[in-house]
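Participant: Numbering (our numbering), first residue to last: 124 to 271. Even for Gly, the Cβ is constructed at its ideal location relative to N, Cα and C. It should be emphasised that the depicted structure is a prediction, and the values quoted were computed from it without experimental measurement. This is the structure I have questions about; it appears just below.
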Amino acid sequence: MKKTVEIENKKAKYEYFIYDTYTAGLQLRGTEIKSIRKRKVSIKEAYCDFIDDELFVKNMNIAIYSHGNIYNHEPKRNRKLLLKKRELKKLNTKFKERGYTIIPTKIFISDYGFAKLEIALAKGKKLYDKRNSIKDKDMKKGSGVDYE
């Protein structure tokens, strides 16, 4: 199978400095994978948090499956991320440091048909850093606008 579904969080690179990225599995229920395959998922407002040494993604919206019945899922429930113990320990120590956060950057379907979430250890940008990001992006485009 190909990675046909690939949804990115485009604002993540603008809002955060990204340091490390990890690929985590998602613990899903019944109709959630069907909604992901139909690209009915939003990770713009999502973030990751530790609960009892386990990593969960919060506020990720997976739309209700249209052909589901009474066994349909909740759209914004907390979903457990599946990572190796050493990766969780490394993320947890960095997460406890001041200023670091864990954000989802991409969701995709793997070659084996499983839903995967790419998460990143990041630090929030200040307003002047965001301005510099826009400046660098415009300079790469060759917009011709002189900022100096």
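Please work out which residues of its chain come closer than 8 Å, Cβ to Cβ, to D252, disregarding the five sequence neighbours upstream and downstream, and give them in chain order.
Facilitator: F140
Participant: In this structure, how does DSSP classify S233 when only helix, strand and coil are distinguished?
Facilitator: coil
Participant: Drop a sphere of 10 angstroms on the beta-carbon of R162, count the other beta-carbons inside from all chains shown, and report buried for 16 or more, exposed for fewer.
Facilitator: exposed
Participant: In terms of DSSP beta bridges, what is D259 paired with?
Facilitator: In DSSP, D259 forms no bridge with anything.
Participant: With DSSP as the reference, label K199 as helix, strand or coil.
Facilitator: coil
Participant: Compute the Euclidean distance between the alpha carbons of S256 and R160, then round it to the nearest angstrom.
Facilitator: 32 Å
Participant: Measure the beta-carbon distance from E241 to P227 and round it to whole angstroms, keeping in mind my assumption that it falls under 8 Å.
Facilitator: 7 Å
Participant: Leaving out five residues on either side along the sequence, give the residues of the same chain with a beta carbon under 6 Å from the beta carbon of K229.
Facilitator: E131 and E241.
Participant: Along the beta strand (DSSP E) that carries I187, what are the first and last residues, could you check?
Facilitator: Unbroken run through I187: none, as it is neither H nor E.
Participant: Just tell me which of F231, A245 and D261 has its CA closest to the CA of K274.
Facilitator: No information on residue 274 is available, as it lies outside the stretch 124 to 271 that the chain covers here.
Participant: Which residues bound the beta strand (DSSP E) around L206?
Facilitator: Premise fails: L206 is in no beta strand (DSSP E) and is neither H nor E.
Participant: How big is the Cα-Cα spacing for K217 and D143?
Facilitator: Distance from the CA of K217 to the CA of D143, rounded to the nearest whole angstrom, comes to 11 Å.
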